[in-house]
Amino acid sequence: MYAVIETGSRQYRVAPGDTITVERLKAEAGTPITIDRVLLVSNEGKVSIGQPMVDKAAVVADVVEHKRGPKVVTFKMRRREGYHKTIGHRQELTVLKIKEINA
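In terms of this note's numbering, the sequence shown opens at residue 8 and continues consecutively.
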């Protein structure tokens, strides 16, 4: 059994027991969270495709931890003008462990 969910404007294929990293969610570490934006559910060969979401489907996951992603460095420069600028960014992330898929 697997499902395709949407969170943070991205889609993820998940199955029970999977661990995924998504954009930061407002939930405490160690608490369960329910994701109701389910786009597709496949259960033993039966596929349910939502238009746009599957009715009465939800994915239950545990929030494992909050962390920050790798540093992304952006370098801006204009040649022959003596202008250069370095900018860094680290994305806030949440690690989820999928417990079950309710369809």
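Where a beta carbon is used, it is the ideal one built from N, C-alpha and C, also for glycine.
**OP:** Let me know the secondary structure DSSP gives V61 once reduced to three states.
**Re:** Here residue 61 refers to the residue found at position 54 of the sequence shown. In this structure, V61 counts as coil in the three-state DSSP scheme.
Original post:
With a Cβ-Cβ cutoff of 9 Å, do I108 and V48 count as a contact?
Top reply: Here residue 108 corresponds to residue number 101 of the sequence shown, with the count starting at 1. Here residue 48 corresponds to residue number 41 of the sequence shown, with the count starting at 1. In this structure, V48 lies closer than 9 Å to I108 by Cβ.
Original post:
Run through DSSP, which three-state label would S55 get?
Top reply: Residue 55 sits at position 48 when you count from the first residue of the sequence shown. S55: strand per DSSP, three-state reduction.
Original post:
What are the residues that DSSP puts in a beta bridge with Q18?
Top reply: As a first step, residue 18 is located in the sequence shown; it is residue number 11 there, counting from the start. Paired residue(s): E13.
Subject >> Euclidean distance between Cα positions of V102 and G57 >> reply: In the sequence shown, residue 102 corresponds to position 95, counting from 1. In the sequence shown, residue 57 corresponds to position 50, counting from 1. Rounded to whole angstroms, V102 to G57 spans 26 Å at the Cα level.
Original post:
Since D62 and K104 are thought to touch, with beta carbons under 8 Å apart, how far apart are those beta carbons, to the nearest angstrom?
Top reply: In the sequence shown, the residue the question calls residue 62 occupies position 55. In the sequence shown, the residue the question calls residue 104 occupies position 97. About 25 Å; that fails the 8 Å criterion.
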